[in-house]
Structure formats: structure tokens, C-alpha cells
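*Asks:*
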Amino acid sequence: MPQAEGSHSRLQSRSQKPRLPPPRDSLLSSSQGLGAPVGALVGGPKDFIEGAWRLRKALGGGMRQAGVLAAAALVGLAGVEEVLLRDHQNARRFAQGLQELASPICSVDLAAVETNMVMVTVDGLPPQELCWRLQAVSADEVAQTGRAVRVLLFPWTGRRRPSAWSLTQWLLRSQTHPSPGQRVASAPEPGPWE
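In our numbering, the protein residues as written are -4 to 189.
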């Protein structure tokens, strides 16, 4: 299980039956989910940790005066639950907002939104084409509406493309979509969710 997903799953599982693999030797990156600039934590039996320590030294790993980085990881560990809960709440609000739009183009299963991941079902439009069409939203539209939503996309092609797009009620309800290279027309006044 990817570490970033694991952090969110562990928090979510407190209120439900845990769905995690049994405990094992593990490595936790402090820069994913904890907000530290670099670093990792190793957990497991003493012989596993000693082996990891020897391997780190053999490969030339290590830093002098790394206490500042360790402090960032400790701060991240101390406040991680609050941050993850906020991530979950934001994902839920985002999913509810998409559902409230009653878009004929996309829908969200709110029951499936348990962590910070929102799966959007696109009806009649391949997900990659939806991404292309969202990219067609101009900076002028974002400036006009005064709001934008950052959507992180993880296409199944093995690439990860974070992008910022304006998701307006007008765009999501629109039955017609721009052609390649066509600018998006000005949107009407934003609604309460936008």
C-alpha cells in the first residue's frame, strides 16, 4: 500500500473495522503526509532496523546535524491526525459540492469517500478527455469567478499531473464542450458553492 494512502487509511479505520495488512517491517516517509522536507522512519524488529542502519552507512547515507529535519518530522507526527482529518473533510466537501451540482457529465458516490480520495465517475466522456477539456478553462475565467479548485489527477498511464483548474457550475453543467484550442466563453455569475 502506498504510504500516503496508508496514513489516510489508518486514520479512517479508527471508526470502522481496520482494512490494513498485518504489521510488518516498514518505512514511513516523513515528507509524504507529515510535511517534513525530507526523511524517513524505519519500524520493525531490532535486527531489521540494524540491517537498515548498516545498509544506509554502506551506501553513504546520512547527514550531519540532521536534528532540524528530525524536528520537522516530529512536528508533523504531532499534528498529523488533525491535518489528515482536515484532508478527509475537504475531500468530503469537494465530493458533496460536485454532487450538489447535479451535473449530467460527472457524479460522485459519497458513500465511497472515506479518506482524502474522491473518485469521480464521468458519464459519456473518457477521463482523459475530461482532463483535456478542463485544461481549456482560461485564466480569465478563473479571474472572473475569483475561485479555483486544485484537482490532483492520477491517470492510469503511470503519469501524475497535478493541475489547477477552475471547476465552475457553468462548466460542469454545460452540455457542449470546447474544441481543441478553443477558448472557453465567459461563465455566468458564480453560484454559492463556487
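The beta-carbon is built from N, C-alpha and C at its ideal position, and this holds for glycine as well.
Considering just the uninterrupted stretch of the beta strand (DSSP E) at Val117, what are its terminal residues?
*Replies:* Unbroken beta strand (DSSP E) run through Val117: 115 to 117.
*Asks:* Find out if the Cβ-Cβ distance for the pair Ala35, Ser21 is shorter than 8 Å.
*Replies:* The answer is no: Cβ separation not under 8 Å.
*Asks:* Quick check: what's the CA-CA separation for Val115 versus Ser98?
*Replies:* Going by the C-alpha atoms only, they are around 11 Å apart.
*Asks:* So which of Val37, Val103, Ala90, Val33 has the shortest CA-CA distance to Ala66?
*Replies:* Nearest of Val37, Val103, Ala90, Val33 to Ala66, Cα basis: Val33.
*Asks:* Check for me: the beta strand (DSSP E) holding Ala35 runs from which residue to which?
*Replies:* Per DSSP, Ala35 belongs to the beta strand (DSSP E) from 35 to 38.
*Asks:* Would DSSP call Val103 helix, strand or coil?
*Replies:* Residue state, collapsed to three classes: strand.
*Asks:* Starting from Met24, follow its DSSP beta bridges and name the residues at the other end.
*Replies:* According to the sequence displayed, residue 24 carries Ser and not Met. Its beta-bridge partners are Ala35.
*Asks:* Let's test the definition: count the other Cβ atoms within 10 Å of the Cβ of Glu124 and tell me whether it reaches 16, buried, or not, exposed.
*Replies:* Classification of Glu124: exposed, given that the 10 Å Cβ count is below 16.
*Asks:* Taking contact to mean 3 or more Cβ pairs, one atom from each stretch, closer than 8 Å, check whether the region 58 to 78 and the region 102 to 118 are in contact.
*Replies:* No, because fewer than three Cβ pairs between the region 58 to 78 and the region 102 to 118 fall closer than 8 Å, the two stretches do not touch.
*Asks:* Between Val113 and the rest of its own chain, which residues show a CB-CB distance below 8 Å, the 5 nearest in sequence each way excluded?
*Replies:* If we look at Val113 and ignore the five residues flanking it on each side, its Cβ neighbours are Ala86, Phe89, Ala90, Leu93, Val103.
*Asks:* Taking only the alpha-carbon atoms, compute the straight-line gap between Lys52 and Glu77 and give it to the nearest angstrom.
*Replies:* Their Cα atoms are separated by approximately 35 Å.
*Asks:* Report the residue from Arg81, Trp48, Leu120, Trp127 whose alpha carbon sits nearest the alpha carbon of Gly38.
*Replies:* Measuring from the Cα of Gly38, the nearest candidate turns out to be Trp48.
*Asks:* Suppose you measure from the CA of Leu129 to the CA of Asn111; what does that come to, to the nearest Å?
*Replies:* When rounded, the distance between both Cα atoms is 21 Å.
*Asks:* Mapping the DSSP letters down to three states, classify Leu129 as helix, strand or coil.
*Replies:* It is helical.
*Asks:* For Val63, is the classification buried or exposed, using 16 other Cβ atoms within 10 angstroms of its Cβ as the cut-off for buried?
*Replies:* Exposed, because fewer than 16 other Cβ atoms sit within 10 Å of the Cβ of Val63.
*Asks:* In whole angstroms, what is the alpha-carbon distance linking Gly55 and Gln27?
*Replies:* Distance between the alpha carbons of Gly55 and Gln27: 23 Å.
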